[in-house]
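These notes are about the structure you will find just below.
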Amino acid sequence: MRYLPLTPDDRRVMLAKIGAPNIDALFRDVPREAVVPLTAFDLPETKGELEVERALAKLAAKNVAAGAVPSFCGVGAYKHHVPSAVDHLIQRSEFLTAYTPYQPEIAQGTLQVLFEFQTQVALLTGMEVANASLYDGSTATAEAVLMAQRLTRRPKAILSGGLHPHYAETVETVAGLSGVVTRAPVTPGAAEDIAALIDNDTACVVVQSPDVFGLIRNLRPIAEAAHAKGALLIAVVTEAVSLGLLESPGAQGADIVACEGQSIGNGLNFGGPYVGLFAAREKFLRQMPGRLCGETVDASGKRGFVLTLSTREQHIRREKATSNICTNSGLCALAFTIHLSLLGEEGLARLARINHARASALADRLARVAGVELMTSSFFNEFTLKLPKPAAPVVDALAAKGVLGGVPASRLMPHETAAANLLIVAATETNTDDDFAAFETALKEVLA
Amino acid sequence: MSMNNQGRPSQPGVAQDNDLPTISGDRGLDLEARLIFEIGRGGVTGVDLPDVKVDDTRLGGVRRKGAVGLPGLSEPEVIRHYVRLSRQNYAIDAGLYPLGSCTMKHNPRLNEKMARLPGFGDLHPLAPRAATQGALALISELMNWLTTLTGMPAVAMSPKAGAHGELCGLLAIRAAVEARGEKRNRILVPESAHGTNPATAAFAGFTVDEVPAKPNGHVDAAALKAKLGPDVAAIMLTNPNTCGLFEGEIVEIAKAVHAAGAYFYCDGANFNAIAGRVRPGDLGIDAMHINLHKTFSTPHGGGGPGAGPVVLSERLAAYAPLPLLVSDANGFRLIEDRDELPPGAKPFGRMCAFHGQMGMFVRALSYMLSHGRDGVRQASEDAVLSANYILASLKDVMSAPFGDGPCMHEALFDDTFLEGSGVTTLDFAKAMIDEGYHPMTMYFPLVVHGAMLIEPTESESKESLDRFIAVLRGLAEEAKAGKRERFEGAPRYAPRRRLDETAAARKPVLRWKPDPLPQAAE
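So the protein sequences, as listed, match chains R and F.
Under the numbering used here, the first sequence has 421 at position 421, and the numbering climbs by one with no breaks.
Under the numbering used here, the second sequence has 1033 at position 33, and the numbering climbs by one with no breaks.
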């Protein structure tokens, strides 16, 4: 086996040193009835690289990659061009095969990356502090709600109807245990009156912008309404590139920001691994979940970085920790920060403008198709169309014609009858005019 | 001095000490990296994009007014920055990385290549069913490997890391307890447990009750049984445990737990010691997460991403979270909504958006197919053999608190051997850095004083193990001989000397900020 360096001779010599007659002797604490022969496992035997590559390539070939056809799926996962340098750098052995930086003297690479990442996330979201990443946007949102419940000592979280339904379900799963999670009604293409739902038991309101239908929400009045009642505003962003064109949640008064960072530096990966961005006001620092990297000096006075404030964390604080998270999304955070370093101020602004322009052009084009109506008056790179018939079979028919034509809203909210005909469509810098033409033609044919 | 014919000296000369400060601050191949915010500037970018203008008509009145504040860098500057940073990291590719409980084994590059196949890496999670059949088939195959290796009937794939898997298991247990119309709020956790165990139990709304360890490093089964009662929902036991020992009374413990109406959660962080030899399902376990980034070698990436699928017993299988993977005549399908559930399914909720860490699934399956069942078993045996070899080779100079019998995949030492030397576990660990090694896990588990937990994994050759042993023997002897200076100042040969963690926590600086503008002269 190519990954195992010990030879049969080595094993004999080592057993002799140990004083064990055979390998079984080392497993002597295992109850006899629990020891099984190899044949108990109905699994294949070892394979060479070539065979494994063949087997997995065969499975991969059964999927339709986003880059292989005109593709317009979004809803929390976006196809963007990732510069070649990103994937090259994250495969450097020293980044890829290092552990969490528990020994800072020999992990300054990872630690400085995290410090720079935290700075970028804070700048992008308009917040004062950010952590070193959580698993993804949905779990970051759930952590934000728990943090708000701790900070306010109030039980209730109110979720906007425009919050990605998977995010809402993730929040309900954990924040519903000790608190109350209320969902506002779903109002496709419009903002619900969420301020009216805030009461004195409300810990937080959770509002996604752009929302799951693509509509841009104005957070400022919601922040004011929440603060007037002593509640916090949690802003959720599922498309990080939008922050290059839209006012940051921090500037609009958000207290905590939970953001999915996949669309900067990370591939679609069928849903994971992604990277959760988590930022907050500095006064809430001690209640933040996850790792934090801080600046310090070493014994010779040189600047260096360490993991800090770990008295919030599980390995020190155990059952009193702010979260149980340990492993987070280090390498995805690295990809995010490299891509954002490459973009810089001007690159991010241009990328965001291109995305908006592409989506705007596609929306105009598709809205001219007979029977199709544009539901979202404002949007970043994703919008919702109302079709003259149910969207789910339309998407399947489009796929049969070689177009991945967005996500039917009914896949995410099958109980919302008003959503049955809604199609959520994303366009990015990766979509060409030919893609648009193919989509328009296929949609006309399917709706005819 | 001899000269070659261009006048270039060809003799090495006399070595001077290496404390000479350099003008640049760099030292040969030890290159410093300033922050990107200190290198970057306006008007530069590493990505060429057209300058498209957009109007505000569709931006909902919230177009960004100010700059983000990001620095601009060209591609060569970005590459150089991250390459320089990378060189300040230790990595398993560079040397032995014996972090106990963390399992730093070799990360095969084939797995990286497979995860980047466009059919996996560039696949949208909400693409139509017909476009994702290969991905769903891969998940199904990985599920088969996990359930077969563990002897458990079901597995929940969506948890994103070990602690997330613990949460998934405890939420399934909570749902099962509630379905029986019972109220059970207490979780028993041994004091040797990973910090995530009590943190997860609290996260899931339970109270934590600690179970002591016996002097031999095993959980005190009698104390554990005495704590069982009608309010206990579950125990969380790590097996092999964090002292590197197999809990021999586990079957008996499971029986007692079940008789008391509770569930048995096993922390599977150490499954890599027994995979292919022992099936947790045979031990009476109800739920166990598997860290794909430990046992199945998906890279740790400097702190993630991981993946923590949870295998579930018959008693808990019905409560697995959404989405569920099923197959019918038309192929594979994800059930993402409660209205479509198969008979008997009662999911407790959803762990995250989409369907789990697909990128890690591909890598893990690639690892499994490469090893095969025989290779998985051999890997476990080699990991256990290597740890025992280290234990046997060091227990005369270091102190092994439970060294009488064999260990599993990690060898535990305490700081008794350093008594009176003035050298602490921390000093010892930092001295290892100067010797070119990543230190072992220190001060964990909490049940021994000054713990040093060494996990060599199956990835080391005998020559590599012998060299490591020789270095640790040498360090132990130096410490005992009172040569404190080697330890107190360590590390000397790392990119940084010891860092001031107290200062970092006292006045946290968690992000770069521009220097304040100089005040205009009055």
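Even glycine gets a Cβ: it sits at the ideal position worked out from N, Cα and C.
None of the values given here were measured: they were computed from a predicted structure.
- Item | CB contact check: residue 1063 (chain F) to chain B, cutoff 8 Å | Here the protein chains are R and F, and chain B is not one of them.
- Task: Within 10 angstroms of the Cβ of residue 1522 (chain F), are there 16 or more other Cβ atoms? Answer buried if so, exposed if not.
- Result: A caution first: residue 1522 (chain F) carries a pLDDT of 41, below 50, which makes its placement in the model unreliable, though a value can still be read off. It counts as exposed.
- Message: Using only the alpha-carbon positions, how far apart do residue 1479 (chain F) and residue 1485 (chain F) sit?
- Response: Taking C-alpha positions only, residue 1479 (chain F) is separated from residue 1485 (chain F) by approximately 9 Å.
- chain R contacts made by the region 1437-1466 of chain F, where a contact means CB separation under 9 Å: Listed in sequence order: 1438, 1439, 1441, 1442, 1444, 1458, 1459, 1460, 1461, 1462, 1463, 1464, 1465.
- Message: So with CB distances below 8 Å, who are the chain R contacts of residue 1093 (chain F)?
- Response: By Cβ distance, chain R contributes 93, 94, 96, 97.
- Message: Beta carbons nearer than 7 Å to chain F: which residues of the region 341-355 of chain R have them?
- Response: Identification of residues in the region 341-355 of chain R having a C-beta nearer than 7 Å to some C-beta of chain F yields 341, 342, 343, 344, 345, 346, 347, 348, 350, 351, 353, 354, given in sequence order.
- Item | Under 9 Å from the C-beta of residue 144 (chain R): neighbouring residues of chain F | Result: empty, since nearest Cβ-Cβ is about 14 Å, beyond 9 Å.
- Task: Check distances from the C-beta atoms of the region 160-171 of chain R to those of chain F and list, in chain order, the residues that come in under 8 Å.
- Result: Across the region 160-171 of chain R, CB contacts with chain F closer than 8 Å involve 164, 166, 167, 169, 170, in sequence order along the chain.
- Message: Considering only their Cβ atoms, is the gap separating residue 161 (chain R) from residue 250 (chain R) smaller than 8 Å?
- Response: No, they are not a contact pair.
- Task: Use the C-beta contact count for residue 1267 (chain F): other C-beta atoms within 10 angstroms, 16 or more gives buried, fewer gives exposed.
- Result: Buried, because 16 or more other Cβ atoms sit within 10 Å of the Cβ of residue 1267 (chain F).
- Starting from residue 204 (chain R) and walking both ways along the beta strand (DSSP E), at which residues does that stretch end? Where residue 204 (chain R) is concerned, the enclosing beta strand (DSSP E) stretches over 202-208.
- Item | Cβ contact (3+ pairs, closer than 8 Å) linking the region 319-329 of chain R and the region 346-353 of chain R | Too few Cβ pairs lie closer than 8 Å, so no.
- Which residues, taken in chain order from the region 1376-1396 of chain F, show a beta carbon closer than 7 Å to some beta carbon of chain R? So the close ones are 1377, 1378, 1379, 1381, 1382, 1384, 1385, 1388, 1389, 1392, 1393.
- Length of the line joining the Cα atoms of residue 1251 (chain F) and residue 1094 (chain F): Taking the Cα positions, residue 1251 (chain F) is about 41 Å away from residue 1094 (chain F).
- Query: If we ignore side chains and look at the alpha-carbon of each, how far apart do residue 1328 (chain F) and residue 1134 (chain F) end up?
  - Reply: C-alpha separation (whole angstroms): 15 Å.
- Would you call the region 194-209 of chain R and the region 231-238 of chain R touching, i.e. three or more CB-CB distances under 8 Å? Yes: the two stretches touch, three or more of their Cβ pairs being nearer than 8 Å.
- Item | Per-residue burial, residue 955 (chain F) [other beta carbons within 10 Å of its own, 16 or more giving buried] | Outside the modelled stretch of chain F, which goes from 1001 to 1522, sits residue 955 (chain F), for which no answer is possible.
- Message: With a threshold of 8 Å between beta-carbons, can residue 1521 (chain F) be considered close to chain R, or not?
- Response: In this prediction, residue 1521 (chain F) scores a pLDDT of 45, lower than 50, which makes its location untrustworthy; the coordinate-derived value is nonetheless stated afterwards. Cβ-Cβ to chain R under 8 Å: no for residue 1521 (chain F).
- Inter-stretch contact (C-beta, 8 Å, three-pair minimum) for the region 353-363 of chain R and the region 1317-1331 of chain F: In this structure the region 353-363 of chain R does not touch the region 1317-1331 of chain F; the number of beta carbon pairs closer than 8 Å is below three.
- Just by C-beta distance, which residues in the region 1105-1131 of chain F are closer than 7 Å to chain R? Residues 1106, 1107, 1108, 1110, 1112, 1114, 1117, 1118, 1119, 1120, 1121, 1122, 1123, 1124, 1125, 1126, 1127, 1128, 1130, 1131.
- Message: Residues of chain R with CB closer than 8 Å to the CB of residue 1153 (chain F), please, in chain order.
- Response: Here the premise fails: no neighbours, minimum Cβ distance about 14 Å.
- Message: According to DSSP, is residue 308 (chain R) part of a helix, a strand, or is it coil?
- Response: It is a strand residue.
- Task: Quick one: residues in its chain with C-beta nearer than 6 Å to the C-beta of residue 140 (chain R), no 5 flanking neighbours on either side, listed in chain order?
- Result: Cβ contact annotation for residue 140 (chain R) (same chain, cutoff 6 Å, sequence separation greater than five): 134, 258, 276, 278, in chain order.
- Item | Contacting positions in the region 49-74 of chain R - beta carbon closer than 9 Å to chain F | Hits within the stretch, in order: 49, 51, 52, 53, 55, 56, 57, 58, 59, 60, 61, 62, 63, 64, 65, 66, 67, 68, 69, 71, 73, 74.
- Which residues mark the beginning and the end of the alpha helix (DSSP H) in which residue 24 (chain R) is found? According to the DSSP assignment, residue 24 (chain R) belongs to the alpha helix (DSSP H) that extends over 23-26.
- Query: Hey, how far is the Cα of residue 1558 (chain F) from the Cα of residue 303 (chain R)?
  - Reply: This structure does not reach residue 1558 (chain F), given that chain F is present from 1001 up to 1522, and the question cannot be answered.
- Query: Which stretch, first to last residue, makes up the beta strand (DSSP E) that contains residue 1263 (chain F)?
  - Reply: In the DSSP annotation of this structure, the continuous segment of the beta strand (DSSP E) that includes residue 1263 (chain F) starts and ends at 1263-1267.
- Can you have a look at residue 1014 (chain F) and say buried or exposed, based on whether 16 or more other CB atoms are within 10 angstroms of its CB? Classification of residue 1014 (chain F): exposed, given that the 10 Å Cβ count is below 16.
- Rounded to a whole number of angstroms, what is the C-alpha to C-alpha distance between residue 419 (chain R) and residue 409 (chain R)? So the alpha carbons of these two residues sit roughly 6 Å apart.
- residue 1019 (chain F) CB to nearest chain R CB: under 8 Å? Residue 1019 (chain F) does not count as touching chain R.
- Query: For residue 384 (chain R), which three-state DSSP category applies?
  - Reply: If DSSP states are grouped into helix, strand and coil, residue 384 (chain R) belongs with the strands.
- Task: Check whether the Cβ of residue 192 (chain R) lies closer than 8 Å to any Cβ atom in chain F.
- Result: For residue 192 (chain R), the answer is no, since every Cβ of chain F falls outside 8 Å of its Cβ.
- Taking the C-alpha atoms as reference points, what is the distance between residue 10 (chain R) and residue 1165 (chain F)? Between residue 10 (chain R) and residue 1165 (chain F), the C-alpha separation is close to 37 Å.
- For residue 1089 (chain F), the three-state DSSP class (helix, strand or coil): Taken through DSSP and simplified to helix, strand or coil, residue 1089 (chain F) comes out as strand.
- Is the CB of residue 137 (chain R) under 8 Å away from at least one CB in chain F? So, interface residue.
- Item | Short-range partners of chain R found in the region 1238-1255 of chain F, where Cβ spacing is below 9 Å | Those would be 1240, 1245, 1246, 1247, 1248, 1249, 1250, 1251, 1252, in chain order.
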